[in-house]
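Below is one structure, written out as C-alpha cells; the observations come after it.
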Amino acid sequence: MTGEPTAPLHFEELTLDIDTPQGTVHAVRGVTLELQRGEILAIVGESGSGKTLTARAALGLLPPRTRTGGRVLLGGADVLQAAPDALRAIRGGEAAMIFQEPSTALNPVFPIGWQLEEGLRAHGVSEPAERRRRTVDMLRAVGIPDPERRLGDYPHQFSGGQKQRIVIAMALALRPSVIIADEPTTALDVTVQAEILELLRECRDEFGASIVLITHNMGVVADLADRVAVMYRGELVELAPVDELFRAPREAYTRQLLAAVPRLGGGRDEPDASPASVSSAASAVPVAPAPTPAPSAATAPAVLLDGVDIEYRSGFGTKPVRAVRGVSLEIARGEVVGLVGESGSGKSTIGRAIGGLETVATGRLEVLGVELRGQSRRRLRALRRRIGFVFQDPAASFNSFMTIEDCVIEPMRIHRVAGGRSTHRARATELLDAVELPGSYASRYPFELSGGQRQRVGLARALALDPELVIADEPTSALDVSVQARVLDIFTSLQRELGFAALFISHDLAVVELLADRVGVLQGGELVELGATEQVLHAPEHPYTQQLIAAVPVPDPEVQRLRRRAEDPGHPLLDAEAIA
Amino acid sequence: MAPTSPATANTAAPSTTVLAMQPAAGRDSLWRRMLGNTGLMTGLVVIVVIFVVSYVLPPLLQLDPYAVDPANRLAPPSPEHLFGTDNFGRDLFARIVSGASTSLLVGFVVALVSGVLGAIIGIAAVFNSVLDQVLMRICDGLMAIPAILLAVALTAALGPSVTNLVIALTIVYTPGIARLVRSRALAVTSETFVTASTMQGAGMLHLMWRHILPNTLSVLVVQSTFTFAESVITEAAMSFLGAGVPAPQASWGNILYDGKSVLMQAPQMILITSGFLIVTVLALNLIGDGLRDLVDQRSRSLVGKPGVFARMAAVVTPGRFRQEVKR
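In order, the protein sequences belong to chains P and Y. Numbering-wise, the numbering used here puts 55 at position 53 of the first sequence, and it's gapless, one number per residue. Numbering-wise, the numbering used here puts 246 at position 229 of the second sequence, and it's gapless, one number per residue.
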C-alpha cells in the first residue's frame, strides 16, 4: 500500500474551507488519501463529516465560495487547478459519479437512451450508430433486460433498482478509471441493495475501475470495501483495510461508530443500557392529566385490525389500487409491534389508517376500542388526542414558522388542555427534558436543530398529551447511525417508562429487533409473517422473510464474505466481453 | 461523548440544510435582518420619503395644485415654479407632490385589500373542492380579460371617483393573488407538518391559521407588493386614458395625459412625472424582493454580508450591531 505514483486518485493534504455569512466552515481539513487501482475504498462518517465533499472534489464539483488547499491528483493531473475544459474532459471520462437517489439523477422528460448517449456525445462520440451500440451494450452489461426495446423508455417506467443500474451504466459508459458512488444504495430496498452491491463489485472486477464508496451503512462497507477511511468533522480519523478496521478499530471514534450500528441478531437492549436516560425520563414526565379512558375501552387492545383492505383511488372510473390486503393484526396495551417490509409493501398505509388518515375499504379497524369506519370527524379528533405520531423526515414534519416550544405545545393548544399558556410551557420544558434536549432549545426554530435533535422534538410532540398509542413511521431512517442509536435509546426508555403501545414501522430489520416485542412482515400489502421478534428474525418461516433477512448485509467483512460465497451467483452479472 | 452533542455542530458541509443545523448564536432581530437587506432598505427609504413629502409638504409650503396662473402656461423650471407649470399654468411641483399621495393611496389600498381577499380565497379554495371549482372558475374568467380593459369597464360602470378606481383595481388584481396563494397552499397542505398537525387532531381553522397562512406569506407579501407597483402604473395608465382619477384632481397619470399634447413645448411634464413613477415602482419592487427574503425563515441564516445600511447602523450605534459574526 505504498505510494505508487500511478494511483488513479490521490488526495494530498486536501483542505476545503467554505465561506458562509456565519464565518468560515472548515469542511475538510488536510485529508491525504490514495485510491489504488482496482480498489474499493469506502469513506464512512456522519453527515457533515466532509465525506461527500472530499469525494466530489475529485470531480471538481465544489460548492460556491469554497477555498481549496492541497492537491487532488486524478490520473496525474491536479483537478483543483484544472481549467473548465479540462474538467469537463475529466468528468465522465476519467472519473464518474453514481448518485444516491436514482430517481432524481435521471431527467424525467428524456428517454434513458438519450440520457445515456448524452455523456458519449459530450465526449466526442459523434457517430449515432456507434453511440447507440455502446448504449445498448452498457444497458445489457448492467442487467437491464431487452435493452434495444427499452432505450426509448422514460425513467418512470423503471423500478428503483433498475434506475440505479441505468445510472451505473451511465457512469461506466466511458470506462472511467475512477467511480465515485455517493450512497448508491441508501434509497433502495435491502433485496435490491444486495443486487446493486453485486453489480458494483462486478464493475470493479470486470472493468478494473477503482471505486470510492461513500456510505454510512456499515453493512455495505463490510460487504464491498477493501479499505475504509473514517472521517469525522472534516478530518481523516482512521484508514485501515476493512478486516482490520472491523476486527480491531484503532481510534475511539471508529469504535463508537461501530458500536452504534444495530446488528441483526443482536437482540434487544438490556433495560439498564442507558440508566441516565431512564431516570431522567421518570422524573421529568409525571403522570399527565390524561382523560381516563372509558372502562370498557381500557381492556380493549390498543389496535385491532381484522381482515383490513385499504384501497387508493387514483381517479374517477379507474380501478382502485389495493395497498393493503386482508391484514389482521392486534397490538395489546403497552406492546411494541414492529412492521417491516420494502417500499410499497403498505406498511406506512397501515400506520396512516390507524391514525384515521386512510379509510378502510373492508374489514374491521378498532383503535383504543373505537371502530374507525364511519366515525364522525369530531370523534376522530377526540381519538387522535390519545395517539401520538412520529414521522420519518424530521426536516419536513415541523412548521418552520413555529419555535420548538410552539411545536411541542401545539397538541395541547389544539385540544385546549386546561392550564393555559404557562402550564403548557412548563409541560413543554418537561418533555424536552425527557428527550434530553436542553430547555434553551425551546425558543429555537426547527431548522436550527440537527436531524437527530429534531426527531427528538418529534418524539416530545408525540408524547405531549401522554398518548396510549404511538405510531412511529420510519423515525430513524433519515438519521446517521450514531444519532439513530441515541433516538432509539430515548424511545425505548420512554416507552418502558410511560407504557404506551407502539407501532414501529421500519425497513431496517436490525432497528425493529432492538425495540419490538412482536414483528409483522409485509409483502405487497399482505402480512406474510407475524410473531415474536426473536422467532421471526431468527427462525423465519415464510420464504420472503428469509430472503429479506439474507439480503441484509452484516457489518462484519468475514461473515459477509462467507455469506457471499454461499450464495454464489452462477455467472457474473456484468459481462465485460459484451462491451469490449 | 460525541453523539450527545450535535456532532455536526460546527463542521457544516455546504448544503443549506446542514448550514441551517448550525446552532444560532443569538438570533438576529427583525430590525437587524432588515438592515442587512440593502435592497429592502433602499426601497423603504424611497417610499417613505415620497410618502412624507406628498403628505407633509403641501400644507407646510401651502402648495395648491389647483391654483391657475394663465400668464405662465408651460413655463420651464424656474425658482418660482420648481418643475415649471402645466398647460393651465398650474405649478407642476405641487401637482406631482399631491399626485403622489393619490397614486400611493390607490396603490396601497389596492395591494392591501386584494392581498387579504386573495389570501382568504386562495386558502379557502384548498379546503373545499366544490368551493375551489367555483372560486377558481370565477378567477379564471376575470383573468381572461386584459387588466386595463376590465378596469376601464368597471370604472365606466361604477362612475369616475378614486374609491371606484380602487374597487375596480382590486377586482382586477385579486384573482391573480388568489391563484398564486392557492397553488402555494396546495403544496403546503401536502407537507408532513400539516399531516402531523392533523394527526394531533387539529381542526380546519387551526390548520389554516397556524400552518397554511404563515407558509403562504412569502408568496403573498411579494405578490402584494408587486400589485402595489402595478396598481400605481395601472392607475397612471387609466388616468392617461381618461378613465382614472377624475379631472381637476392631480394624479401622475393625469399629468402624463395633460403632458402628452404639449410634449414638444414642455417636455419636463412627461419627463419629471415619469421619473417619479419609475423610481416609485422600482422602489416597490425592491421592497417586494426584500420582503420575500425577510419572511422566509430559512433564508435568514443565508443572508449575505452586511450591506450599506447595516454598516451605517454599525457606525451610528457601535456595539449593538456585530459587523461580522466571528466563529
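Ideal Cβ positions, reconstructed from N, Cα and C, are used throughout, including at glycine.
Asked, Found
"Minimum length 4: unbroken alpha helix (DSSP H) runs contained in the stretch 10-71 of chain P", "53-59"
"Inter-residue spacing [alpha-carbon to alpha-carbon] between G5 of chain P and E36 of chain P", "In this prediction, G5 of chain P has a pLDDT of 42, which is less than 50 and means its spatial position is unreliable; nothing more can be read from the coordinates."
"Outcome for L77 of chain Y when other beta-carbon atoms lying within 10 angstroms are tallied against a minimum of 16", "exposed"
"Minimum C-alpha distance to N109 of chain P - residue among P:Q38, P:K165, P:R90 and P:L490", "P:K165"
"Start-to-end residues for the alpha helix (DSSP H) that takes in T106 of chain P", "P104 to A107"
"Reference K277 of chain Y; option with closest CA among Y:A84, Y:M153 and Y:L258", "Y:L258"
"Residues that P251 of chain P contacts on chain Y, provided the C-beta gap is smaller than 8 Å", "The contacting residues do not exist; P251 of chain P stays about 15 Å from chain Y at best."
"P417 of chain P: contacting residues in chain Y (beta-carbon distance under 7 Å)", "Strictly speaking, residue 417 of chain P in this sequence is His, with Pro absent from that position. Going along chain Y in sequence order, the residues near H417 of chain P (Cβ under 7 Å) are G218."
"Within chain Y, the residues that R386 of chain P reaches when beta carbons sit closer than 9 Å", "T215, M216, Q217, G218 and A219"
"Min CB distance F144 of chain Y to chain A below 8 Å", "No chain A is part of this structure, whose protein chains are labelled P and Y."
"For E326 of chain P, the residue or residues it bridges with in DSSP", "Residue 326 of chain P is actually Val in this sequence, not Glu. In the DSSP output, where bridge partners are listed per residue, V326 of chain P has P:I312."
"CB contact below 8 Å: N219 of chain P versus chain Y", "no"
"Neighbour list for A398 of chain P in chain Y, Cβ cutoff strictly below 8 Å", "E208, T209 and F210"
"Cβ pair S212 of chain P, G162 of chain P closer than 8 Å", "no"
"Residue burial classification, Q394 of chain P (beta-carbon count within 10 angstroms, cutoff 16)", "buried"
"Contact the stretch 358-367 of chain P vs the stretch 539-547 of chain P: 3+ CB pairs below 8 Å", "no"
"Residue span of the alpha helix (DSSP H) that contains P186 of chain P, given as start and end", "It is not in any alpha helix (DSSP H) - P186 of chain P carries neither H nor E in the DSSP assignment."
"Under 7 Å from the C-beta of E412 of chain P: neighbouring residues of chain Y", "S214 and Q217"
"8 Å contact criterion, which G135 of chain Y and M160 of chain Y should meet: CB distance rounded", "Rounded, the Cβ-Cβ distance is 12 Å, inconsistent with contact."
"CB contact check: G348 of chain P to chain Y, cutoff 8 Å", "no"
"Minimum Cβ-Cβ distance from N54 of chain Y to chain P less than 8 Å", "no"
"S207 of chain Y classed as buried or exposed, judged by whether at least 16 other C-beta atoms fall within 10 angstroms", "exposed"
"Counted within 10 angstroms of its Cβ, other Cβ atoms place M140 of chain P as buried (16 or more) or exposed", "buried"
"Meets three-Cβ-pair contact criterion under 8 Å: the stretch 378-390 of chain P and the stretch 438-446 of chain P", "no"
"Proximal residues of chain Y, C-beta to C-beta of G357 of chain P below 8 Å", "M216"
"DSSP state of L341 of chain P mapped onto helix, strand, coil", "strand"
"Residue environment, E247 of chain Y, which counts as buried when at least 16 other CB atoms sit within 10 Å", "buried"
"Any alpha helix (DSSP H) of 4 or more consecutive residues that is wholly inside the stretch 137-210 of chain P", "149-152, 162-174 and 192-209"
"Min CB distance H223 of chain Y to chain P below 8 Å", "yes"
"Reduced DSSP category for Q525 of chain P - H, G, I as helix; E, B as strand; rest coil", "strand"
"Short Cβ contact (8 Å threshold) for A480 of chain P with V192 of chain P", "no"
"Residues bridged to G390 of chain P [DSSP beta-bridge criterion]", "P:V472"
"Residues bridged to L306 of chain P (per DSSP)", "P:E332 and P:E368"
"Buried/exposed call for W226 of chain Y, threshold 16 Cβ in 10 Å", "exposed"
"Close Cβ partners of R354 of chain P (< 6 Å) along its chain, the five nearest in sequence each way excluded", "E360"
"Cβ pair count under 8 Å reaching 3, the stretch 109-121 of chain Y against the stretch 255-273 of chain Y", "yes"
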